[in-house]
Amino acid sequence: MKFYKDHYDVIVIGGALAGLSSALMLADKGKDVLVLERHNLPGGIATSFVRGGIEIEAALHEMMSIGEKDNRLKVGKFFDDMGVDIDWMRVPEAYHASLPGLEVTLHPGLETFAREIDNEVPGTYDKVLKLLNLCNTVFDSVNELSIHPMSKAKMLMKHAAFVKTAGYSTKDVIDTFELPQKAVDLLSPYWIYVGSGFSDLPFTIYAVLMADYVGYGSYIPRYFSHEMSLKMAERAEQMGVQIEYRQHVDKILVKDGRAYGVRTARGDEIYADYVISSAYPNKVYTSMIEPADAVPKKAIKMVNGRRISLTAFSVILILDKTAEELNIHDYSIFRGDTMDTDKCYENLAGLGPYKYITCICHNLANPDCTPKGTCSFSMTTLPQVSGWSKVTAGEYDEVKHRIAKQMIDDMSEYFGVNLLDHVLEIVIETPMTVNRYTNAWNGCIYGYAHTMEDHIVARLQTAEEEKFIEHLEFSGAHQISGDGMGPQITNGRKAAKNVLDTMKAEEAVNK
Ligand SMILES: Cc1cc2nc3c(=O)[nH]c(=O)nc-3n(C[C@H](O)[C@H](O)[C@H](O)COP(=O)(O)OP(=O)(O)OC[C@H]3O[C@@H](n4cnc5c(N)ncnc54)[C@H](O)[C@@H]3O)c2cc1C
């Protein structure tokens, strides 16, 4: 019996959230799909692992774009529509900000959030709510425009706030509200989720982030992020998708400017009308296309021109006491010695001490996620890829342990409890771990940085021009919707939609 069919409609490289979303959407439209995943499990970063008999979340802090059961946002709705039944648990607060002179917990809901900032910085309610409402208007526009592109003239009439703010940085727009610095600080912690300082972060990105997380709150799956990828893979297989694990794709086969299949590391050549790649364009255009001279110079120029965004450094602890016993009272804590996001970004270029970290205690949203009487607590920072690429093999252990110790000491001081006295399990994830586990380019988890020079609005306009090889699509954090597990669902759907649209257009021509 042959392992692979003679031909597929679509081959998807990578069985993580983006790749599996593409597969689900294509299978839903009756297409014959093969997913090739190099690891022995689905999920990529959306995974968990077991230490000392305890299952531990590998990455997820919070999912955006889910929404309540009766009012789903786009990602939650996609799971429901595809019959992928996730046991969502709502995260209780937006975040606790632990910043110089500020110890404040804020909750989701635009008005609630503005009121809580006003409690801390009196007299700011109206301005903060106005800013959040502006974010919400831009968010609605982005959601509509990403599905229904329209002419500039029509856009100007229907989406004036989006058009007016699109060319400005987050700092530019926030400055126009003339808020006291403390209020600005309280509106800034989520910046790390999109990874550029406010002077260089397009306001559009900030607006979407705030409207989604603050407006609608966030969620986690009861059985960790792996619940999403495992159930997506299971459902895809029910829908007829063939998924093969431990199959590393080495080459994408191209003839006459068009992709027609792949070759795996085992040497299997598999053919399809379309290929969707979760591997970064940097990797694909520099070493995966066969023949190599099928890569247009413009493709290399494009990947060289984009700035690779952030990677991750995470210390995950399983502790021998409950959160309450260890003075941990918030699900999510953003902690820094400054809330100047440009300075925080600069600090991420080095190898620590990192001045801005994001901490999660999963038990405070999902009480039974560790055995009774214990809790899980993780500390994460998101360094720039450039700093870590200089670490030599000889230095690696020292750098890793030094940074982890700094983070643990800082949070021990904060809680007034020596966390090291309570460790049952400790796991340190570095950019090298991410790179080895997912094959992501330089261990990057965020794709290409959103900057004022490389703006999402411009990327939307140039998306068509950046299709350098016909019938080859990309799906992953490196695509238009950017980083994060929720956006991977959107990126995966977009790649599948591009394939379906091309199929339709070519069928019409061939009729
Ligand atoms: C510590 C940490 C915390 C995070 N917290 C959050 C959070 O709270 N909320 C959030 O939304 N996001 C979070 N993220 C970011 C988020 O996880 C990523 O942006 C997202 O998961 C990227 O998904 P992806 O599908 O693009 O890529 P990946 O998850 O990297 O998947 C790529 C897949 O493709 C496979 N692959 C690659 N090359 C090949 C090949 N040649 N052949 C076959 N298979 C291949 C890989 O094995 C992998 O399975 C976090 C990430 C980390 C590391």
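Residue 361 in the working numbering sits at position 359 of the sequence shown, and the numbers go up by one each step. Backbone N, C-alpha and C define an ideal beta-carbon position, used for all residues, glycine too. Computed from a predicted model, the values in this text were never measured in an experiment.
Boundaries of the beta strand (DSSP E) in which residue i is found, first to last residue
{"i": "C377", "result": "377-383"}
{"i": "L134", "result": "Here L134 belongs to no beta strand (DSSP E); instead the alpha helix (DSSP H) covers 127-149."}
{"i": "P298", "result": "No beta strand (DSSP E) contains P298, which DSSP labels as neither H nor E."}
{"i": "H98", "result": "97-101"}
{"i": "S279", "result": "271-279"}
{"i": "L474", "result": "474-476"}
{"i": "S50", "result": "50-53"}
{"i": "T107", "result": "104-108"}
{"i": "D252", "result": "251-257"}
{"i": "Y356", "result": "Looking at the DSSP string, Y356 is not in any beta strand (DSSP E), and its letter there is neither H nor E."}
Any non-hydrogen atom of ligand 1 closer than 8 Å to residue i Cβ
{"i": "T492", "result": "no"}
{"i": "M65", "result": "yes"}
{"i": "H480", "result": "yes"}
{"i": "L516", "result": "Examination of residue 516 is not possible in this model, given that the chain is present from 3 through 513 alone."}
{"i": "E431", "result": "yes"}
{"i": "H364", "result": "no"}
{"i": "T440", "result": "yes"}
{"i": "E39", "result": "yes"}
{"i": "S198", "result": "no"}
{"i": "Y195", "result": "yes"}
{"i": "Y287", "result": "no"}
{"i": "P44", "result": "yes"}
{"i": "V436", "result": "yes"}
{"i": "M487", "result": "yes"}
{"i": "Y448", "result": "yes"}
{"i": "M290", "result": "yes"}
{"i": "G219", "result": "no"}
{"i": "S280", "result": "yes"}
Environment of residue i [buried if 16+ CB atoms lie within 10 Å]
{"i": "T206", "result": "buried"}
{"i": "Q386", "result": "buried"}
{"i": "S23", "result": "buried"}
{"i": "P369", "result": "exposed"}
{"i": "Q249", "result": "buried"}
{"i": "E431", "result": "buried"}
{"i": "P293", "result": "exposed"}
{"i": "Q240", "result": "exposed"}
{"i": "N493", "result": "buried"}
{"i": "H403", "result": "exposed"}
{"i": "T317", "result": "Residue 317 is actually Val in this sequence, not Thr. Its Cβ being crowded by 16 or more others within 10 Å, V317 is buried."}
{"i": "P102", "result": "exposed"}
{"i": "A20", "result": "buried"}
{"i": "T178", "result": "exposed"}
{"i": "S50", "result": "buried"}
{"i": "Y398", "result": "exposed"}
Contact set for residue i: own chain, Cβ-Cβ below 8 Å, skip 5 residues either direction
{"i": "V140", "result": "A163, F164, T167, F205, T206, A209, V210, A213"}
{"i": "D82", "result": "R74"}
{"i": "E95", "result": "T107, L108, H109, P110, D332, Y333, S334"}
{"i": "G54", "result": "I320, L426, E427"}
{"i": "R237", "result": "L26, M84, G85, V86"}
{"i": "F115", "result": "A96, L108, H109, V130, L134, V216"}
Residue i beta carbon near ligand 2 (any heavy atom closer than 8 Å)
{"i": "Q249", "result": "Ligand 2 is not among the ligands present in this structure, which contains only ligand 1."}
Residue range of the unbroken alpha helix (DSSP H) whose run includes residue i
{"i": "I491", "result": "487-512"}
{"i": "L28", "result": "19-30"}
{"i": "R461", "result": "458-464"}
{"i": "H112", "result": "Note on residue identity: the sequence assigns Leu, not His, to residue 112. L112 -> alpha helix (DSSP H) spans 112-122."}
{"i": "I15", "result": "That residue, I15, is in no alpha helix (DSSP H); its beta strand (DSSP E) goes 10-15."}
{"i": "L158", "result": "154-160"}
{"i": "G263", "result": "Element bounds for G263: not the alpha helix (DSSP H) but the beta strand (DSSP E), 260-266."}
{"i": "V436", "result": "433-440"}
{"i": "V387", "result": "387-390"}
{"i": "I447", "result": "From DSSP, I447 is part of no alpha helix (DSSP H); its letter is neither H nor E."}
{"i": "D399", "result": "395-417"}
Cutoff 7 Å; reference residue i; Cβ partners in own chain excluding five residues on either side
{"i": "G418", "result": "N329"}
{"i": "D128", "result": "none"}
{"i": "M454", "result": "S171, D202, P204"}
{"i": "A311", "result": "According to the sequence provided, residue 311 is Ser. The question's Ala does not apply to it. Same-chain partners within the cutoff: G197, C446, Y448, G449, Y450, A451, D485."}
{"i": "P223", "result": "I88, D89, W90, E229, M230"}
{"i": "K33", "result": "D11, V12"}
Beta-carbon proximity list for residue i, same chain, < 6 Å, skipping 5 on both sides
{"i": "A296", "result": "V256"}
{"i": "G488", "result": "M65, M66, S67, V77"}
{"i": "M27", "result": "R495, A498"}
{"i": "E122", "result": "V106"}
{"i": "R40", "result": "H250"}
Min CB distance residue i to chain C below 9 Å
{"i": "E327", "result": "You won't find chain C in this structure, because it holds only one protein chain."}
Which full runs of the beta strand (DSSP E) of 3+ residues lie inside the region 170-247, going along the chain?
221-223, 244-246
Please list the segments of the alpha helix (DSSP H) lying wholly inside the region 303-349, counting only runs of 4 or more residues, in order along the chain.
The region 303-349 contains these whole alpha helix (DSSP H) runs: 343-349.
At what residue ranges does the region 33-94 contain a whole run of the beta strand (DSSP E), taking only runs of 3 or more?
35-38, 50-53, 56-59, 90-92
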